[in-house]
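Take 72 as the starting number for the sequence shown in the numbering used here and just add one per residue.
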Amino acid sequence: MDPDNIEGVNPADLTLMAQFFKKAMGFQSIPPGRLSKFRGPPYRAGELSFLEWLEEFETVAEQFELPDGEKTRVLIDHLVGAAKEEVACMEEVERKSYTKVVSVLKLCFGAHESVQSLSNSFHNRSQHEGENLSDFSRALKRLYSKMEMAAATQKDSQALKQLRDQALREQFIRGAREVWVRRELRRIDLSTKGKTFDVMREEVLTLFQETEVLPQRSRVREVSVDEVQQSTEVAQSTLISDLIAGQKLLTQEVKNLSRELAAMRDSSRFYRVKEEEATCFNCEKKGHFAKRCPEPNPGRPARTNQRRRDFRPAPNHGQGNF
């Protein structure tokens, strides 16, 4: 066979030759690391669900054209944890059937991913704090793809695909955190009406590209040690001056207050009468007050509830009380 002329070669012969070379080179099975292993729930962040993992496995297995027996063996080799234990509990005859192994795995690890549960997660999905529009829209697309794969029949899957763009548009707008962002998304939705969600998403990401850039580095200004020291000295000098001025003001206020109190005491003493100069209202004798009178007047009622004060006599009169 001329290697430079393969136009007349039968395609079936080419397929056989390709399989022969794959076996000869050791490419009959999936190379290690080409496909991640499935362990079952709970899923870690970034791990594929069973339906997503199964779709990826079948895509890779189709590239290597694995027969059913080899395909089943490779599938089991890529299971770990609870998923591998579930297959190990099957009978030996059933473990050789690819269809039965997949059916058991779907029953155990795909039941919680029904269309109803995924639809509920999709319609309740909103933009998280700190999540940009690119990540949010990608999460919505992934959830909707799960819904399509979880459809029970091909008819349901086709119906979901027909509603895909409209459902993604509505949830993308409704789930945005900021009001002004939702307003811009509605405007873009109207301008891209009739086009796919990917077209709308591309325009949105282009518009919000400037607002979702990475934080810029802080600008650094070089300063010398002398400038820092001088600035510190100026600040300390200003603080000391303010403290001294405040202290002087407080001292002056205290002095003024002391003078006012002294004047009030002198004024009170001027009008108060000494006991030896007072005249008793009871016996009308000088030298004591009525409350200390040794000779109470029986004809005059006692003054019990009325307080009296004795004052110094006026300058123009000779009597002490009035």
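A virtual CB, placed ideally from N, CA and C, is assigned to each residue, including glycine.
Please read all numbers here as calculations on a predicted model, not as lab measurements.
Coil, strand or helix - residue i by DSSP
i, result
"Lys266", "coil"
"Thr224", "coil"
"Lys177", "helix"
"Lys326", "helix"
"Arg248", "coil"
"Phe394", "The displayed coordinates of the chain run from 72 to 393. Any statement about residue 394 would go beyond what the structure contains."
"Lys108", "coil"
"Lys362", "helix"
"Lys167", "coil"
"Arg253", "helix"
"His194", "helix"
Proximity to residue i [Cα-Cα], best of the options
i, options, result
"Leu278", "Glu255, Lys167 and Leu150", "Glu255"
"Lys217", "Phe207, Gln134, Ser188 and Asp269", "Ser188"
"Lys212", "Gly201, Asp313, Ala238 and Phe121", "Ala238"
"Leu150", "Arg166, Lys356, Leu137 and Leu231", "Arg166"
"Tyr169", "Arg144, Thr263 and Phe360", "Arg144"
"Asp206", "Leu276, Asp313 and Asn353", "Leu276"
"Arg245", "Ser329, Thr130 and Asn195", "Asn195"
"Leu214", "Gln242, Asp227 and Arg258", "Gln242"
"Ala222", "Ser308, Lys319, Ile315 and Glu123", "Glu123"
"Gln233", "Ser312, Ser262, Phe268 and Phe360", "Phe268"
"Pro112", "Glu127, Asp139, Gly152 and Thr224", "Gly152"
"Thr224", "Val186, Glu249, Phe193 and Ser192", "Val186"
"Met220", "Leu314, Glu331, Glu273 and Leu125", "Leu125"
"Ser190", "Ala159, Ser228, Cys160 and Leu178", "Ser228"
"Lys266", "Arg235, Ala306 and Leu310", "Arg235"
Exposed unless 16 or more other CB atoms sit within 10 angstroms - verdict on residue i
i, result
"His199", "exposed"
"Ser208", "buried"
"Ser197", "exposed"
"Ala95", "Its pLDDT being 49, under 50, Ala95 is placed unreliably in this model, and the value from its coordinates should be taken loosely. Looking at its Cβ environment, which holds fewer than 16 other Cβ atoms inside 10 Å, Ala95 is exposed."
"Met271", "buried"
"Asp260", "buried"
"Lys226", "exposed"
"Arg258", "exposed"
"Leu137", "buried"
"Leu231", "buried"
"Lys142", "buried"
"Lys319", "exposed"
C-beta atoms of residue i and residue j nearer than 8 Å
i, j, result
"Leu163", "Leu176", "In the sequence as displayed, the identity of residue 163 is Glu instead of Leu. No."
"Ala154", "Arg110", "yes"
"Gly201", "Phe121", "no"
"Val172", "Leu204", "no"
"Arg240", "Ala247", "no"
"Phe360", "Cys351", "yes"
"Ala349", "Lys357", "yes"
"Leu119", "Glu129", "no"
"Glu249", "Thr263", "no"
Residue i Cβ short of 7 Å to the ligand ATP heavy atom set
i, result
"Val252", "The model depicted lacks the ligand ATP and carries no ligand whatsoever."
Quiz item: Which ranges would you report for the beta strand (DSSP E) in the segment 133-157 if only whole runs of at least 3 residues count?
Solution: none
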